[in-house]
Structures are given as C-alpha cells and as structure tokens.
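Residue numbers (this note's numbering), protein chains in the order written: chain Y, 244 to 486; chain A, 244 to 486; chain E, 244 to 486.
Every residue gets a Cβ at the ideal spot worked out from N, C-alpha and C, and that includes glycine.
Below is one structure, written out as structure tokens; the observations come after it.
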C-alpha cells in the first residue's frame with residue numbers, strides 16, 4: 244500500500260517527519276513516498292496543476308496526502324477524494340480540483356471525524372495523516388462514506404499559462420500540457436520567444452529551449468545551465484504561445 | 244519499532260544516507276524517520292529546545308539518534324538516555340539535557356562500546372547509529388546497562404527566550420513554551436512588539452503575529468509571508484515579553 | 244535488499260519520489276536509501292569520485308542507481324555494472340568509471356531492455372529504476388547477462404585534485420584520497436596554504452585546516468565555521484600539495 248505526500252511543508256523542515264510518524268503508526272505496512280514538499284509556498288493553483296500532472300503515475304488505491312493550506316484553522320473544509328481509483332486527502336481549497344476536473348470519475352467525501360487534539364496550524368499531522376493512514380490501512384472505504392456532490396473550490400480542467408515550478412537545475416515547469424502545444428509554437432515569456440527542442444543534448448550548452456518534460460508539461464530549460472537564471476523566471480509568471 | 248533522526252547533518256548532504264544504511268543493516272525491521280536534519284549548525288542549545296518540544300510526540304520505546312556535535316573527536320562523551328520510556332543516543336554535550344530535565348524519569352547510560360573503525364568526525368554513522376540499531380533490535384536493554392547519575396552537560400528545564408529555528412516559510416520558532424505565556428502578552432524582538440493571533444488566517448495577509456505553534460512553542464509568523472524576512476529574524480536572536 | 248540512490252536530481256525536487264515509486268512497485272521488499280541527490284549538477288567527474296569514495300560502505304549485492312546525466316536522450320548508453328559484488332545502474336558517461344577502475348573485479352553489462360514509455364529526459368525513472376528494481380528483486384543475474392568488455396567512458400583510477408563537493412557546513416571535499424597524503428603536507432588552494440589537523444575540535448573556532456574525512460578524502464574545513472565561505476571555495480576549483 245502506497246501513501247504519497249504532496250505539500251509545501253518544505254523537504255528540510257520538521258513537518259514531514261511528524262506526518263510520517265503518524266502515518267506509520269496508523270498504517271505500519273504502508274510505503275510512504277515523498278512526492279514533493281516544495282510546492283511553491285501558499286500557491287494552491289500551482290500545486291493543483293503539479294498534482295494533476297503527477298497523479299497519472301500514482302498506482303491504483305494509493306493515497307496521497309495533498310496539503311498546501313494557507314487557510315488552515317479557518318473556514319475551508321477538510322476533504323477526501325477518490326479520483327480514477329486513487330485517493331487524495333487534504334483541504335478543500337482547490338488543490339485537488341484540477342485532478343477532479345480531469346478525472347473520468349471523482350467522488351468527494353467530507354471529513355467529519357475530528358481528532359482529540361487538533362493544532363491550529365498543522366492539520367497535515369493532526370487530521371489528514373490519521374485519515375490517510377486509516378484509508379491505507381483499510382479502515383475507511385468509499386462505499387460507506389457520506390458523499391458531497393462536488394468540491395467547494397474548483398479551478399476547472401483548463402491548463403494554466405504560468406510558470407508553476409522551478410527546479411534546482413533552474414528549469415521552469417509550466418501549467419501547459421505539451422500534448423496540446425505544436426512543436427512549431429514558441430513560448431513567450433517576458434517578451435522572450437523560446438523555440439522547441441526534443442531534449443537537452445539537442446541544443447548547444449547554455450541555450451534556452453522548451454520541451455515536453457517527464458510530466459507531460461511544457462518546460463522552459465537550458466542545456467547544462469539555468470533557464471530561470473538566464474530568463475529571470477519566477478513562479479506565477481505568465482506566458483503565452485506564438486506561432 | 245521506530246528510529247528517529249534529529250541532527251544538524253543537513254537534509255541534502257551525504258551524511259543521512261550513510262547513517263540510514265548502518266541503521267537498516269543493524270535493525271532491518273525498524274522504521275527510520277527523519278525528524279529534522281536542519282538543526283541550526285553547531286547550535287546545541289537551540290537543538291536541545293527543539294528536541295524537547297518534539298519529544299512528546301515520539302512513541303514509547305522509540306529510539307532517537309540526536310546529534311549536533313561540534314566537539315566530535317574531542318573529549319565529550321557518548322551517551323544513551325531513556326526518558327519517559329523513549330531512548331535517545333548521541334553526544335553528552337547538552338543536546339538531550341532539556342528533555343532530561345523536563346522528563347518525569349530519565350536514566351543515563353554511558354556508551355562504553357567502541358566500533359572497530361571510528362572516523363574522527365562522523366560518530367553519527369560509526370558509533371551512534373550502531374548503538375541505536377542495537378537498542379531498536381532488542382540487543383540492549385536498560386536493565387543490563389551500567390548507569391551514570393546524570394548527564395555531563397545540563398542546560399536545565401527552563402525556556403530559552405531566543406529564536407531557535409526559522410522554517411522555510413520564514414516563521415521563527417522560539418524556545419518559549421506557549422502554555423506559560425498569556426495571550427495578552429506581546430513578544431518583543433529587536434524593539435518590535437508583536438501581538439497574538441490564534442492562527443494565520445485570523446490576520447490580514449502579510450501581517451506579523453505570534454501564536455502557539457504545533458509543537459506548543461511561541462512562534463513569530465506572518466500570514467502568507469515571511470516573518471523572518473520582514474523582521475530580520477535570525478537564529479539565536481534574543482526576545483522578551485511585554486504586557 | 245538495499246537500493247541506493249546517487250544522483251544530481253536534487254533532494255527537494257519532484258524527481259526522487261517518482262523514482263522511489265517505481266522502485267517500490269518493482270521491488271516491494273527493498274530498502275531504498277538516498278545516498279546523495281546533490282551531486283554538483285551535470286558534474287560527472289565530481290560525481291564519479293564521490294561515488295568511488297562512498298562505494299566501499301555499500302553492502303554486498305546492493306544496487307545503486309547512479310545518475311548524473313546531462314546527455315540524457317542523446318547517444319550515451321545505459322549500463323549495468325557489478326563491481327566487487329555491488330551493482331550499479333545508470334548512464335555510461337564516466338560516472339561509474341572510477342569505481343570500476345579501482346575495483347578488484349568489475350563486470351559491465353549493456354542495458355538492452357527498453358520500457359514501453361521512455362521520456363526524453365528522465366531515464367532515472369523510466370529506465371534505470373525498473374532495471375535496478377529487477378536486479379534487487381532477483382529478476383536479473385550476472386550469469387545470464389550479455390557482457391561488454393569495458394565502459395564506454397573511463398576516467399581511470401587516479402585521484403582528482405579538485406574540490407568535488409561542498410557540504411552545508413561549508414566543508415570542501417576534494418578528490419584526493421587521504422591515505423596517499425602525508426599529514427605534513429599542505430593543501431594549496433587559490434594561493435592559500437592549509438595545514439592538517441586530526442579533527443575540528445583540535446583547532447581554534449573559525450580556523451581552517453584539512454583532515455581525512457569520514458569518506459577517506461582530504462577535506463578542507465573550519466572549526467564551527469564555513470571553510471567555503473572563508474576561502475571562496477567552489478566545486479571544480481583545482482588544488483595542489485606543498486611540503
């Protein structure tokens with residue numbers, strides 16, 4: 244049984260270990276895998292599109308704890324979702340909504356359970372991890388859960404024409420799915436027009452290009468260099484297509 | 244069986260993997276969890292207060308390898324501690340001493356074993372991990388161990404009125420336990436006076452406040468912004484309370 | 244069964260989790276350990292010397308996925324190697340070649356299998372992880388594999404007189420094995436001459452020295468301070484010995 248973590252909690256901070264401690268106590272046999280803890284902080288929209296790009300790879304019946312939660316402790320609701328056979332647990336603030344909108348089948352379940360002790364700021368540890376652990380351990384199943392018709396916050400299925408993630412090489416992921424973009428198209432960001440290449444080694448060292456990355460997204464990259472450094476890319480930066 | 248790691252070895256460097264390799268060879272069935280590897284480097288005192296705040300969550304009989312060890316290879320002694328049913332293994336330099344001072348019951352055991360090969364600088368891998376692995380694997384038990392009356396270095400049970408950790412959001416953890424601080428109190432840092440809020444979403448975006456964080460500590464934070472950036476917070480910075 | 248990961252994929256990015264997901268699906272009982280994901284980006288030579296220094300510690304029959312792969316998607320070949328009883332899987336671009344050159348016994352096997360879906364840029368996930376998982380799961384054994392006489396790219400067994408890694412403390416690892424260097428020798432970097440000490444606590448706080456680190460390499464360090472900061476060390480910087 245696989246439990247994936249997808250958060251903006253930071254891969255170096257002390258949050259992830261506390262979540263894993265709870266998960267392993269609830270589901271000792273589960274394999275817990277860090278998918279990403281560096282979703283741009285507080286950026287629910289970027290997170291929603293990254294999660295949608297990653298979700299295809301997750302095995303059936305896996306459980307993903309998905310938390311980017313600037314509204315923690317406020318009015319946003321906690322929620323479980325089963326989309327195309329995969330579970331997601333986290334805040335109902337839009338983060339799961341691109342997965343939901345693109346899924347063939349998505350069922351939404353409110354989380355009605357509350358833990359004995361709930362901190363004001365760390366529902367990942369106190370609420371979402373115990374729920375995910377119970378799903379993974381077989382203690383919750385879709386048939387017995389109360390449903391709600393839809394998520395409270397929905398971003399829809401459309402692509403997001405923005406930089407949504409910059410990796411440590413300096414590659415800029417976009418919210419555009421590459422299978423909808425012609426290889427002849429140029430990506431325009433900050434008035435720079437960027438052409439396509441299949442892969443890094445096809446362009447000279449240092450040259451900027453776009454390609455279909457391993458998540459199926461349009462990515463702005465440079466061969467053995469930082470595209471983000473060369474272009475001043477930033478998360479949230481808008482982009483457009485040109486012929 | 245759970246083994247936790249709490250160090251300043253860095254979450255991105257090549258130290259943690261080497262420790263895990265040793266642990267898994269000694270205790271194949273143990274679950275090894277990274278609690279924190281970004282204790283401020285060399286800062287034993289900050290580490291001691293973070294460890295004390297985290298220790299409450301650790302399950303009974305768990306083993307924590309706790310290493311912030313600027314004196315490695317020098318005269319400081321290696322030590323095992325069992326405090327309120329939880330084990331800790333590491334250098335006797337104060338790092339475990341706040342846990343010890345606040346525990347209902349703490350037993351201290353010198354580590355007399357030495358490995359065949361002991362590097363001068365990486366006792367986490369060569370000494371503490373094998374010992375922790377043997378405790379976790381059931382090969383060492385408190386009843387059969389030689390005791391010593393107390394730790395060599397003791398910081399005591401008192402709170403530490405300093406910034407002890409800054410997370411990647413820019414929140415500043417303090418060494419003050421929140422249950423001893425009135426919600427009407429102001430935290431004063433660098434002549435800035437900071438009022439209380441229950442949670443991030445209770446203040447406007449960008450506004451600085453303090454709250455009881457998920458470890459029970461007073462934390463200086465800002466809603467969807469970096470308090471450390473706004474206030475110039477640094478680890479070790481002193482603070483005080485005002486009415 | 245142990246699978247180690249040694250890459251420049253970044254410990255905080257979304258690459259490692261995807262690899263682990265594939266590995267655990269192929270080899271559910273394997274223990275997967277992150278050795279290092281911060282090999283200096285694209286720096287195959289530095290990676291080759293770090294890997295050679297780490298390899299001694301790896302248990303027999305372990306499998307290491309070793310990927311620093313700026314030529315991914317180009318002409319470089321994928322390869323498996325069994326060296327002194329340990330497996331390595333990755334690109335044949337020199338990365339494994341220092342391990343090979345120093346091994347008592349190294350066998351090289353071309354990877355002829357190709358996955359149904361192979362991304363242009365992430366062979367770690369699509370090609371090397373499934374192969375490593377099959378080795379770890381017992382599905383591939385050396386006796387049945389086609390061999391090739393040698394690696395395509397070979398750096399040889401010699402030491403590399405350069406800074407090959409800078410850790411988060413600011414210590415500078417070099418590609419020099421310490422057992423070949425007299426304790427009376429000085430390390431010369433950028434015209435600074437640096438003397439030997441056994442360990443950090445033997446020099447005053449802030450003082451720069453070199454010592455044999457826990458991997459057996461000459462390391463330039465400073466007591467409770469950043470040698471890299473003090474000296475302006477950079478990965479790839481050349482160094483020499485003086486009497």
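> At what residue ranges does the stretch 388-464 of chain Y contain a whole run of the beta strand (DSSP E), taking only runs of 3 or more?
Replying inline: 403-409, 415-420, 429-432, 435-437 and 451-455
> Whose CA, out of E:379, E:480 and E:267, lies closest to the CA of residue 274 of chain Y?
Replying inline: E:267
>> Quick check for students: name the residue ranges of the beta strand (DSSP E) that lie wholly in the stretch 276-333 of chain A, counting only runs of 3 or more.
In response: 306-310 and 321-326
>> To be precise: take each residue of the stretch 266-297 of chain Y, compare its Cβ to all Cβ atoms of chain A, and keep it if any distance is under 7 Å. Which residues remain?
In response: 267, 268, 284 and 285
>> For residue 439 of chain E, which residues in the same chain have their Cβ closer than 6 Å to its Cβ, ignoring the five residues on either side in sequence?
In response: 426 and 453
> Could you give the residue range of the alpha helix (DSSP H) that holds residue 344 of chain A?
Replying inline: 340-345
>> The alpha helix (DSSP H) that contains residue 258 of chain A, what's its start and end?
In response: 258-269
>> What are the residues in the stretch 350-363 of chain E lying within 8 Å of chain Y by C-beta distance?
In response: 362 and 363
> Which whole-angstrom value is the C-beta distance of residue 379 of chain A and residue 270 of chain A, which I expect to be below 8 Å?
Replying inline: 4 Å
>> Any beta carbon from chain A within less than 8 Å of residue 321 of chain Y's own beta carbon?
In response: no
> What are the residues of the stretch 406-438 of chain E that lie near chain A, defined by any Cβ-Cβ distance shorter than 7 Å?
Replying inline: 410, 411 and 412
> Given a threshold of 16 other Cβ atoms within 10 Å of its Cβ, counted over all protein chains shown, does residue 423 of chain E qualify as buried or as exposed?
Replying inline: exposed
>> Taking the alpha helix (DSSP H) that residue 470 of chain Y belongs to, which residues open and close that run?
In response: 470-474
> Helix or strand or just coil, what does DSSP make of residue 352 of chain A?
Replying inline: strand
> With a CB to CB cut of under 7 Å and the five nearest residues on each side skipped, what residues in its chain are close to residue 377 of chain Y?
Replying inline: 269 and 383
>> If contacts are defined as beta-carbon pairs under 8 Å, then residue 324 of chain E and residue 374 of chain E qualify, I think. What distance do you get, rounded to the angstrom?
In response: Wrong, their Cβ atoms sit about 12 Å apart, outside the cutoff.
> Would the beta-carbon of residue 303 of chain E fall within 8 Å of that of residue 345 of chain E?
Replying inline: no
> What's the C-alpha gap between residue 391 of chain E and residue 396 of chain A?
Replying inline: 59 Å
> Shorter than 8 Å from the beta carbon of residue 365 of chain A to some beta carbon of chain Y?
Replying inline: no
>> Which of the three DSSP states is assigned to residue 245 of chain A in this structure?
In response: strand
> What residues of chain A sit near residue 454 of chain E, judged by a beta carbon separation below 8 Å?
Replying inline: 363 and 364
>> If you measure between the beta carbons of residue 421 of chain E and residue 455 of chain E, is that distance less than 8 Å?
In response: yes
> Taking 8 Å as the CB-CB cut-off, is residue 329 of chain Y touching chain A?
Replying inline: no
>> I want to verify the contact list: residues of chain Y whose CB lies under 8 Å from the CB of residue 442 of chain A, in sequence order.
In response: 315, 316, 317, 363 and 364
> What residue does the alpha helix (DSSP H) around residue 385 of chain A start on, and which one ends it?
Replying inline: That residue, residue 385 of chain A, is in no alpha helix (DSSP H); it is neither H nor E in DSSP.
>> Rounded to whole angstroms, what is the Cα-Cα separation between residue 320 of chain A and residue 449 of chain Y?
In response: 51 Å
> Is the beta carbon of residue 451 of chain A less than 8 Å from the beta carbon of residue 465 of chain A?
Replying inline: yes
> Going by other Cβ atoms of all chains shown within 10 Å of its Cβ, with 16 needed for buried, is residue 372 of chain E buried or exposed?
Replying inline: buried
> Cα separation between residue 476 of chain A and residue 245 of chain E?
Replying inline: 42 Å
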